[in-house]
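These notes concern the structure reproduced below.
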Amino acid sequence: MSNLTPEQQTAAYAPCSVVITAGAGTGKTHMLAERYLYYLRDRNLSPLEIVAVTFTEKAATELRSRIRSLVSQELPQRLDLIAELEAAQISTIHALSARVCQEHFQVLGIPGDFQVLDDLEGKVWLGDALQQALTQLSPEIFQVIPYSLLQQVLNSLLDDPYTANKALNQGIQDWEQLIRHARTQAVQTIVNDPVWQPTGEILSQNQGKAGDKLEGIRISVLDAMADLEVGKNIDQAIATIVKVNLRVGSSKNWQDMKAVKDALKTLRESVKRVTSQGLLDLALSDADEQLKLILPALTEAYREVTGYLSRLKLQRKVLTFSDLELYALQALESSQVQDYYYQRWQVFLVDEFQDTNPTQAELLNTLTAKAELTIVGDKKQSIYGFRRADITVFDKFRDRIVRNNGKEVILSTSFRTHQTLIDRFNQIFAPLLAENHQDLNAFRQEKPNSGRREQENYLQVLVIGDPIRKEGEEKPPKPNKAHRQRVEAYSLGEKIKQMLDRQTPVFDKQTRQLRPIEPKDIAILTRTWQPLSVYEEALASLGIPVAPAGGGNLLATRVAKDVTALLRFLANTRDDIALVAVLRSPWFAISDRLLWQLRESFTKQSPDKEDRYWWAEVQTAQLAELSRPIKVLQQLLKSRQSEIPSRVLQLADRLTGYTAVMANLAGAQRRLGDWQGFHQLVKDLEQGTYDLFGVVRRLKRLYEQEVAIPRPVIAINNAVSLMTIYGAKGLEWSLVIVADLSKERPKSHPAIRFDAQLGVAVKSKNNLGETQT
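Structure, rendered in structure tokens:
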């Protein structure tokens, strides 16, 4: 117990179910391993009676390793436990689901030797199968829902079939009633806000002189508040509060005019936060009438497609991760299967619970009905909403555990930094996170400074602004985005270099002593990975070693675009855009000026032959610069008939020196890593065949579905890390720089939204071609 904080001890040794809210850096993995040990040592359970669920394979491996180490240290004589740990269920939720399916395949009517497709395999397989399924649909469906829209919508529904089924089963609801309910809920949110009551008290207790304009506003706002509390005159009351004018009133007519104005401002902002969500403006429109036409056709299409896909999967003996969860749920509908697991598994430990989706929640709810349950999570750290993770699941399980006499524990001691910085974080995030905020305390009190005042600025905001103009000077043109990024990158690079040169002290967690900062202690994080190449170039130019950015999507890299263009052209020589992209890329580095001249010559020679393709024209061009590209492309076109696509790429590299060019560009290691990663992707997509067209078709679907394929990790010792905020979850550095914050977040307009209780909403177009949802 000595190496646990009091909070961790309470969580690890609770003799009942427990829900643990674990803030960032509070040692939850260490605590989970101790709790597992508690069940072995103090409760005399076998590892075969305990299930530990984590979110990733990497996390599962780490947890198993920590538990094995703890058992070896604390219970060295229990060799039986060490042996049983190797067979213990310490895994992801998908591995747990797979086990249920494998043990009860006969109940489910699925092949016992089924194979599980990983994320990429599943998306590629599903893309091919969905195309086949769509050809089986009735033509009448496409008269109601255009093919492209239906394809997008079905892709989204198939990502979460459990919720999709529930949402579609809602059918055509009483939407007017739903609107009334939403408005009521919005009003309740306003009146239940913590600022509502104290604001009302301040306004009631402070009265101005009659005739003062602010006094009139105070009275009208109090009337509006009274109406909202009873749900009367809602629109008028909301308008009264939102339109409050604070530029009126005379201080001589008030005892404390500032208190009244502050209260009115607080109330106005509170109401605006709710009205900005749009729930109070809901009304039936043409989109709802359009949805009434779409829903029956969509439901029919979904049923037919899922039926077709299920039959195809059974024939091929393959299942996706979603299938595993659904089949496991189906197996657990049997009381015999339930009893089997109730007797077998006595305890469940579930990590990262804030990222659980509704299907997984239902599965865990059934499996843990008679078990002791520990869940660990933090709603603030939920980052998998795009995978249908639902943070309300955490609240529901917390209520269940507390209701059944379990404990709720909050881990608030962070081991990642010192108290001064933690205090500033608390101050910043308290108003931003509101009711979800949780104050953290630092385990370490001492600060890493050498006594110099400038080194105690542990939290800094750096703004790259426009240059100061002298009086009479014209305003310079606003720099473009790329220029601003370069300025920011080089400014940050200079600051990092200064800190390295000055040997700024940082705390070393291994020695628990201060030491000079090194490049490996520093990370630059951005919301997306695209800007990271700019920072990499800037730091490298200053002689600062950089670990190439590993975050982001391989498909969005420059290398991926170059290779995809080549494959597209080799699959279809009439793809003019692909050919131009290949010619101007590092494959051949033909200049834009030459390409323009080439196009002009095509037009002069054959002004009436607009239907001719670039490849036909390029082969007749009398330009020395094009002789080699023509010869290479002709050779590659010939090789596609006798070589698998990945071998064609190797040949292309040998003939053009593509990777040699990459090796001499900025960020060479990252580029070469992307080449290796994309080459492996092509190997995976070719599936051992010579089908270049199939590879291009599958790549196209991956691009269309915006599939995120991780870039290969490149390890470099003692270098500044560059990665996305998303990819940095769970990692820590002595100095973290969050860059490119001026970039606006792109607006998301998905083709469909669906909810188990609310039903389905589909993006469509009205008669004027305007998008509506």
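Under my numbering, the first residue of the sequence shown is numbered 1382, with each subsequent residue one higher. Even glycine gets a Cβ: it sits at the ideal position worked out from N, Cα and C. For clarity, every value in this text was computed on a predicted model and none was experimentally measured.
With a Cβ-Cβ cutoff of 8 Å, do residue i and residue j count as a contact?
i       : j       : result
Ala1770 : Ala2137 : no
Ala1433 : Ile1471 : yes
Thr1570 : Val1655 : yes
Gly1408 : Leu1792 : yes
Ala1678 : Ile1553 : no
Tyr1683 : Leu1538 : yes
Phe1950 : Thr1544 : no
Asp1759 : Ala1440 : no
Phe1436 : Thr1410 : no
Leu1754 : Ser1398 : yes
Asp2055 : Arg2079 : no
Leu1964 : Leu2004 : no
Gly1630 : Lys1594 : yes
Quick one: measure Cβ to Cβ for residue i and residue j, integer angstroms, because I've assumed they're closer than 8 Å.
i       : j       : result
Ala2041 : Leu1947 : In fact, because the Cβ distance is near 16 Å, the residues do not count as touching under 8 Å.
Leu1385 : Glu1415 : 6 Å
Ser2102 : Ala1904 : 4 Å
Asn1536 : Gln2086 : 6 Å
Gly1406 : Arg1797 : 3 Å
Ala2044 : Gln1533 : 40 Å between Cβ atoms; not a contact.
Tell me which same chain residues have a C-beta within less than 8 Å of the C-beta of residue i, skipping the five on either side of it?
i       : result
Ile2097 : Pro1926, Val1927, Ala1928, Pro1929, Gln2050
Ile1675 : Val1525, Ile1526, Val2143, Ser2145
Ala1921 : Val1927, Ala2047, Gly2048
Ser1795 : Gly1404, Ala1405, Gly1406, Thr1407, Ile1803, Leu1821, Asn1822, Ala1823, Phe1824
Arg1449 : Ile1463, Leu1466
Give the straight-line distance between the Cα atoms of residue i and residue j, rounded to the nearest whole angstrom.
i       : j       : result
Gln1487 : Asp1494 : 11 Å
Leu1730 : Asn1746 : 13 Å
Leu1935 : Thr1737 : 26 Å
Ser1716 : Asp1616 : 52 Å
Trp1995 : Gly2108 : 42 Å
Ala1393 : Leu1421 : 12 Å
Val1641 : Trp1577 : 14 Å
Ala2120 : Asp1973 : 33 Å
Ser1831 : Ala1815 : In this prediction, Ser1831 scores a pLDDT of 48, lower than 50, which makes its location untrustworthy; no coordinate-derived value is stated.
Gln1724 : Lys2110 : 37 Å
Met1606 : Gly1404 : 37 Å
Glu1743 : Ile1803 : 37 Å
Gln1496 : His1485 : 15 Å
Asn1785 : Gly1612 : 35 Å
Trp1635 : Leu1661 : 34 Å
Asp1637 : Phe1888 : 50 Å
Arg1834 : Trp2114 : Confidence at Arg1834 is low in this model, with a pLDDT of 49, below 50, so the placement of that residue should be treated as unreliable; the coordinate-derived value is given next. Taking the straight line joining both Cα atoms gives about 22 Å.
Glu2151 : Asp1540 : Its pLDDT being 49, under 50, Glu2151 is placed unreliably in this model, and the coordinates cannot settle the point.
Gln1879 : Thr1885 : 9 Å
Ala1941 : Leu2007 : 24 Å
Phe1810 : Ser1763 : 16 Å
Can you tell me where the beta strand (DSSP E) holding residue i begins and where it ends?
i       : result
Ala1823 : 1822 to 1825
Gln1470 : 1470 to 1473
Leu1754 : 1753 to 1758
Phe1523 : It is not in any beta strand (DSSP E) - Phe1523 instead sits in the alpha helix (DSSP H) that spans 1520 to 1525.
Glu1596 : Careful: Glu1596 lies outside any beta strand (DSSP E), inside the alpha helix (DSSP H) at 1594 to 1610.
Pro1886 : 1886 to 1889
On the DSSP letters alone, give me the boundaries of the alpha helix (DSSP H) that residue i sits inside.
i       : result
Ala1952 : 1939 to 1952
Gly1874 : 1862 to 1882
Thr2070 : Taken as a continuous stretch (DSSP letters only), Thr2070 belongs to no alpha helix (DSSP H), as it is neither H nor E.
Pro2010 : 2005 to 2020
Gln1517 : Segment: none, Gln1517 is in no alpha helix (DSSP H) and carries neither H nor E.
Glu1789 : No alpha helix (DSSP H) holds Glu1789; the beta strand (DSSP E) holding it covers 1788 to 1792.
Ile1619 : 1615 to 1623
Give me, in chain order, the residues of the same chain whose beta-carbon lies closer than 7 Å to that of residue i; leave out the 5 immediate sequence neighbours on both sides.
i       : result
Thr2037 : Trp1968, Phe1969, Val2013
Ala1644 : Thr1580, Ile1583, Leu1584
Glu1899 : Asn2099
Glu1610 : Val1572
Met2067 : The sequence shown places Glu at residue 2067, not Met. Contacts found: Ile2025, Pro2026, Ser2027, Val2076.
For residue i, I'd like the list of residues in its chain whose CB is within less than 6 Å of its CB, leaving aside the five on either flank, ordered along the chain.
i       : result
Ala1870 : Val1915, Tyr1916, Ala1919
Ser1966 : Asp1943
Ala1962 : Ala1946
Thr1391 : Val1790
Ser1632 : Met1638
Ala1567 : Val1655, Leu1660, Leu1661
Asp1956 : Arg1949, Phe1950
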